[in-house]
Structures are given as C-alpha cells and as structure tokens.
Amino acid sequence: MTGSESIQTSRRKFLGISAKGFLLAIFLQIGFPLRAAASSPKDVLPAYDATARKLTVKIIHSSASPEFHYIEKVEIKKGGKTISATEYDNQPDRETFSYVYPIEAAPGDILEIKAICSILGSKTVKLTVTAS
8 MTGSESIQTS
18 RRKFLGISAK
28 GFLLAIFLQI
38 GFPLRAAASS
48 PKDVLPAYDA
58 TARKLTVKII
68 HSSASPEFHY
78 IEKVEIKKGG
88 KTISATEYDN
98 QPDRETFSYV
108 YPIEAAPGDI
118 LEIKAICSIL
128 GSKTVKLTVT
138 AS
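In this text, residue positions in the sequence shown follow our numbering: the first is 8, and each later residue adds one.
Set out below in structure tokens:
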C-alpha cells in the first residue's frame, strides 16, 4: 500500500467513526428530548398565613409541556416529620404557579417544603413560621 492509499484508508475510517458518533448523538437527542430539556424547580417560595392556617407555596418551574414535565409531588415537613405529601399529574402553568395547603403551625415551627420534578430534580426550602 502506498502512502497515498494509507492516508485515504485512514481518512475513510476517521469519517466513518465521526459519522457514527454524529448519528449516535442525534439519536440520543431525539430519543430523550425531554430529559435534555428537563430542569428541577427554579425556586420554591413558601408563605404561611397564621390567621388562615394556610401555607401558600409558589413554585417557579419552566416546562414547555406541563402535562408531561411537571412538579409531580410537594412534600411538607414540620419538625422533620412529613405532614403533607400531595401528588400531581400536571402543572397548572408553564412557568409559575401556587398551591395552598391547610397546615397547623405555631410561631417558631420550621416547615420544610420540597417540590419534586416528574423528570429530573427537586428543590427544598425551609420556612420559620412567625406570628401574623
């Protein structure tokens, strides 16, 4: 084999490997598009109304398809013990929404709120209850 033929053979092998890698990358992106676009909640903003005994949880979670990629569960703990765990099968808005929970809490109680994405990730925040 001459030097020129050797270079052409090496070039063909390289292009073949590059093409296979490119096709694999495209297949993975097409096969798992929502996973690639999925994100954990950007923010969880709790507010407790002691008079009404209600916890409002504002969640910021971007989703182009809120019926498939959504916040599937919100867990609330008080003193490390789960007092509420609500599951959802969609999210009411593509970006920002709120849920309200009836919660008994006294000033000084620490509430831990965890919002869990249906595809990837979660965010947990804590709120110390104050008197209204």
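Just so you know, even glycine gets a beta-carbon here, dropped at the ideal spot from N, CA and C. On a predicted model such as this, the values are computed, not experimentally measured, just so you know.
Check your understanding: For residue 128, which three-state DSSP category applies?
Key -> In the structure shown, residue 128 sits in coil (DSSP, three-state: anything other than H, G, I, E or B).
Review point. On the three-state DSSP scale, how would you describe residue 117?
Key: Three-state result, residue 117: strand.
**Study point:** residue 95 in three-state terms, based on DSSP
**Key:** Residue 95 falls in the coil class under three-state DSSP.
Exercise for review: Can you tell me which of the three DSSP states residue 137 falls into?
Suggested key: In the structure shown, residue 137 adopts coil according to DSSP, grouped into three states.
Exercise for review: Write down every uninterrupted run of the beta strand (DSSP E) in the segment 68-93 whose length is 3 residues or greater and which is fully enclosed by it, in chain order.
Suggested key: With a minimum length of 3 residues, the continuous beta strand (DSSP E) runs that stay inside the segment 68-93 are 78-85.
Exercise for review: Just mark residue 128 as buried or exposed, buried being the case when its beta carbon has 16 or more other beta carbons within 10 Å.
Suggested key: Its Cβ having fewer than 16 others within 10 Å, residue 128 is exposed.
Exercise for review: Please say whether residue 107 and residue 144 have beta carbons closer to each other than 9 Å?
Suggested key: What the structure shows of the chain is the stretch from 8 to 139, and residue 144 is not part of that stretch, so it cannot be assessed.
Point to revise | Bridge partner(s) assigned by DSSP for residue 54 | key: The secondary-structure analysis by DSSP pairs residue 54 across a beta bridge with 63.
**Study point:** Cβ pair residue 91, residue 68 closer than 9 Å
**Key:** Cβ distance not < 9 Å, so residue 91 and residue 68 don't count as in contact.
Review point. By a C-beta neighbour count over all protein chains shown, 10 Å radius and 16 as the cutoff for buried, is residue 71 buried or exposed?
Key: By the 16-neighbour rule on beta-carbons within 10 angstroms, residue 71 is exposed.
Point to revise | Where residue 114 falls, given that 16 or more other Cβ within 10 Å makes a residue buried | key: Result: exposed.
Point to revise | Rounded straight-line distance, which links the Cα of residue 58 to that of residue 43 | key: Residue placement at residue 43 is poorly supported in this model, since its pLDDT is 45, which falls under 50; the coordinates still yield a value, given next. Each residue's alpha carbon lies about 43 Å from the other.
Review point. Under a Cβ-count criterion, where at least 16 other Cβ atoms within 10 Å of its own Cβ denotes burial, should residue 112 be classed as buried or exposed?
Key: Buried.
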